[in-house]
Amino acid sequence: MANTNLIDSYQVDGSSNPVRLKVTVGNGQTGCIGVSIDGNDVIKPGADANNNYTDSFDFEIGSNQDLNSSLLTIPVVVTRVQTDTQTTTVIVELTGGPTPSNYPPLTENATNVGDIINYLCTIDFGN
Amino acid sequence: MSAAIAQTADSANNTLLNRGDTTQWKINLLEEPNSPGASLLGISPSAVQRPSDPTAIMVSLLNSTDNLTTIPNSYAVDFVPQWLFWGKNVTYSDFANDNNIWNNIKQTFDVSLAMRNLKDVNSNVVNTQLGAGFKVSIKRGSISKKTQAAMASIHTYQSNYLALRKRYINDAVKQAKASGMNPDQRNQLIAAADQKAQSDAKNLALQDSIRKVAQGLDFTREGFMMDLAGGFSYNFVSQTNGTLYNAGAWVTAGEQWASGIDLLGVVRYLYDPQNTGVALSTTNYHTIDAGARILYGPQTGKFSFGLEGIYRKVSGTTALNSSYRYALTTDYKVGTNQVLSFNIGRDFNGTINKGGNLIAALNFLIGFGSTRPVSGGK
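Chains as they are written, first to last, in the working numbering: chain R, 1 to 127; chain U, 1001 to 1378.
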């Protein structure tokens, strides 16, 4: 089992423009994604009973001015279900600020079908 | 033979490694080449091929024979660009869903290349034939209900597992904020909390549950399926002068049932199909084939048994009559990279063919062992 972490920042401005978060669990593997801002769950349509999301989502998480100085945490658990590839991938994208994010895809191999990989993204909003 | 195959695999490996990617794909060296390139060269055991989810890259070596004394004289390489180069963008939902036609096309667009060497026994001249083609699934069937239920269980276990991680992480974030930690201290606290959550006894049990369910997954598809395929091949006489050997396009459609029974039909157009084995034609002629195949054998099972028949209508020449082909095909997967197959039937030219790779399979077993990983794109 392995962990893959992203620790980064995202620039926001003082506008009321919405910031969008898109998370994708790729390579045909299945994943569960959590989203929290300052330790509080972000609940949007599509969330399950634990306020988590399956495989991917793309939604607004707040305005530029509201997100300033807050912390976004995205824990993800990915299970390898594909027999043909060991690769698991998580892609995190933020848009709506002055520039779109350009975080590298997070990736880790899972040796066996059924193995899980834990990912954690920690992103500071600032201007 | 080992060197020849090592070269093939290493070339692919080097090419892909140069891209700086780390994805590993599995190659089954003995998988039946479910590819148009191989079909056009006549090196596919079956004329009516079963639709299936393509793997990112597949290398096939066929017709290794002559009592284990020669290298294989036929090769087929298939790759699926979407999985090989852009697999990071394909979610499980994309993979499982059959309703989005464009999604199906992107994920199943398969490029195939095939080659075989033919030696004229009279002149000792070696001709090389190269084929290239594509295959794409318009409809590929649905994941079985049993597997859908298993995936729902995995999602529930994952969500419960993540809920515990999230609780530890959120508590750490709030604690760090309240105590005014700097970002480095805060991130260390979050990482420690996450590690603690992952090793929590509840989460360890959930990991076991996920693993048990995932290891029993079977992505066999059921229902209506339809593949389109096409391609062309060239014949290089004495390995120099290239001329068009044949070209064609075909549609395969049918139903697959959960019991492992498939009923498939094919309609195929071929231009100048000189690979019928009849004397080479000097005129350009055309054929239209129509046929069906019934197959028994679960896709994840070891044994499959099929019977197929095809009628061929010839036009554009009086030298050839309309004809038919039938074949009985059997395969037994001994293990990864180890397939025993046997085929018997009548070809369009009236000859009775017996084929298979019973001996070759034993040779591959000794020569290559098991799965050969290839690094590729993500």
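Yeah, the Cβ is synthetic: ideal placement off N, Cα and C, and Gly gets one too. Just so you know, these numbers come straight off a predicted model, no measurement behind them.
Identify the residues that DSSP records as bridge partners of residue i: which are they?
i	result
Val76 of chain R	R:Ile33, R:Tyr119
Asn40 of chain R	R:Ile37
Trp1083 of chain U	DSSP output for Trp1083 of chain U lists no bridge partner at all.
Met1115 of chain U	U:Tyr1075, U:Leu1130
His1286 of chain U	U:Tyr1271, U:Ser1315
Val19 of chain R	R:Gly62
Phe1303 of chain U	U:Tyr1332
Phe125 of chain R	R:Tyr10
Gly1223 of chain U	U:Gln1256
Tyr53 of chain R	R:Ile33
Phe1232 of chain U	U:Ala1132, U:Ala1247
With 16 as the cutoff for other CB atoms within 10 Å, does residue i come out buried or exposed?
i	result
Ser69 of chain R	exposed
Ile1154 of chain U	buried
Thr1282 of chain U	Any reading at Thr1282 of chain U must be qualified, since the residue scores a pLDDT of 49, below 50, and its modelled position is unreliable; the value itself is stated next. It is exposed - the Cβ of Thr1282 of chain U has fewer than 16 other Cβ atoms within 10 Å.
Ala1176 of chain U	buried
Phe1303 of chain U	exposed
Trp1102 of chain U	exposed
Thr1220 of chain U	buried
Val1121 of chain U	exposed
Thr1108 of chain U	buried
Leu1263 of chain U	exposed
Lys1119 of chain U	exposed
Val19 of chain R	buried
Gln1256 of chain U	buried
Gly34 of chain R	buried
Gln1158 of chain U	buried
Asp1208 of chain U	exposed
Report the option in the options whose CA atom is closest to the CA atom of residue i.
i	options	result
Asn1203 of chain U	U:Ser1179, U:Arg1165, U:Asp1171	U:Arg1165
Gly126 of chain R	R:Ser15, R:Ile116, R:Gly39, R:Val90	R:Ser15
Tyr1161 of chain U	R:Ala49, R:Leu21, R:Gly28, R:Val25	R:Ala49
Val12 of chain R	R:Ser101, R:Ala47, R:Asn52	R:Ser101
Trp1226 of chain U	U:Val1314, U:Thr1317, U:Thr1330, U:Val1267	Looking at the sequence itself, residue 1226 of chain U is Met, so the reference to Trp does not match. Per the Cα distances, U:Val1267.
Asp1194 of chain U	U:Ala1163, U:Ala1178, U:Glu1222	U:Ala1163
Gly1306 of chain U	U:Thr1240, U:Asp1272, U:Gly1265, U:Ser1315	U:Gly1265
Leu1320 of chain U	U:Asn1349, U:Arg1116, U:Asn1241, U:Arg1221	U:Asn1349
Leu1340 of chain U	U:Met1115, U:Thr1330, U:Trp1102	U:Thr1330
Thr1240 of chain U	U:Asp1347, U:Val1126, U:Tyr1296	U:Val1126
Leu40 of chain R	R:Thr87, R:Ile74, R:Asn17, R:Thr99	The question names Leu, but residue 40 of chain R in the sequence shown is Asn. Per the Cα distances, R:Ile74.
Gln1198 of chain U	R:Val77, R:Thr95, R:Val35, R:Val81	R:Val77
Tyr1075 of chain U	U:Ala1132, U:Trp1250, U:Gly1260, U:Glu1255	U:Ala1132
Pro105 of chain R	R:Thr95, R:Tyr119, R:Gly96, R:Asn17	R:Tyr119
Ser1137 of chain U	U:Asn1284, U:Val1080, U:Lys1313, U:Tyr1332	U:Val1080
Asn5 of chain R	U:Val1237, U:Ala1178, U:Ala1191	U:Ala1191
Lys1145 of chain U	U:Gly1180, U:Tyr1311, U:Asn1097	U:Asn1097
At the level of alpha carbons, what is the spacing between residue i and residue j?
i	j	result
Asn1182 of chain U	Val1173 of chain U	12 Å
Lys1106 of chain U	Gln1082 of chain U	6 Å
Tyr1168 of chain U	Thr79 of chain R	21 Å
Val1077 of chain U	Ser1233 of chain U	14 Å
Leu1270 of chain U	His1286 of chain U	6 Å
Thr111 of chain R	Ile123 of chain R	29 Å
Ile114 of chain R	Arg1211 of chain U	Note that residue 114 of chain R is Gly in the sequence shown here, rather than Ile. Rounded to whole angstroms, Gly114 of chain R to Arg1211 of chain U spans 4 Å at the Cα level.
Gly26 of chain R	Val42 of chain R	22 Å
Thr85 of chain R	Pro1298 of chain U	22 Å
Phe1091 of chain U	Ser1322 of chain U	In the sequence on display, residue 1091 of chain U carries Thr and not Phe. Their backbone Cα atoms lie some 47 Å apart in a straight line.
Asp1218 of chain U	Asn52 of chain R	26 Å
Asn109 of chain R	Asp1110 of chain U	24 Å
Lys1135 of chain U	Gly28 of chain R	20 Å
Thr89 of chain R	Ile7 of chain R	16 Å
Ile1294 of chain U	Ile37 of chain R	56 Å
Gly1356 of chain U	Asp1347 of chain U	Per-residue confidence for Gly1356 of chain U stands at a pLDDT of 46, beneath the threshold of 50, marking its modelled position as unreliable; the derived number appears in the next sentence. Taking the straight line joining both Cα atoms gives about 15 Å.
Ala1214 of chain U	Gly1260 of chain U	21 Å
Thr1128 of chain U	Ser1142 of chain U	40 Å
Arg1325 of chain U	Gly1248 of chain U	18 Å
Val1251 of chain U	Gly1309 of chain U	15 Å
Leu71 of chain R	Glu1222 of chain U	45 Å
Asn17 of chain R	Lys1333 of chain U	58 Å
Ala1229 of chain U	Arg1140 of chain U	14 Å
Asn1246 of chain U	Ala1150 of chain U	46 Å
Thr30 of chain R	Thr54 of chain R	8 Å
Arg1312 of chain U	Leu1084 of chain U	36 Å
So does residue i have its beta carbon nearer than 7 Å to some heavy atom of the ligand GTP?
i	result
Glu60 of chain R	Within the structure as shown, the ligand GTP is missing, as the structure has no ligands at all.
Hey, does residue i have any beta-carbon neighbour from chain B nearer than 8 Å?
i	result
Ile123 of chain R	Protein chains in the displayed structure are R and U, and chain B is not among them.
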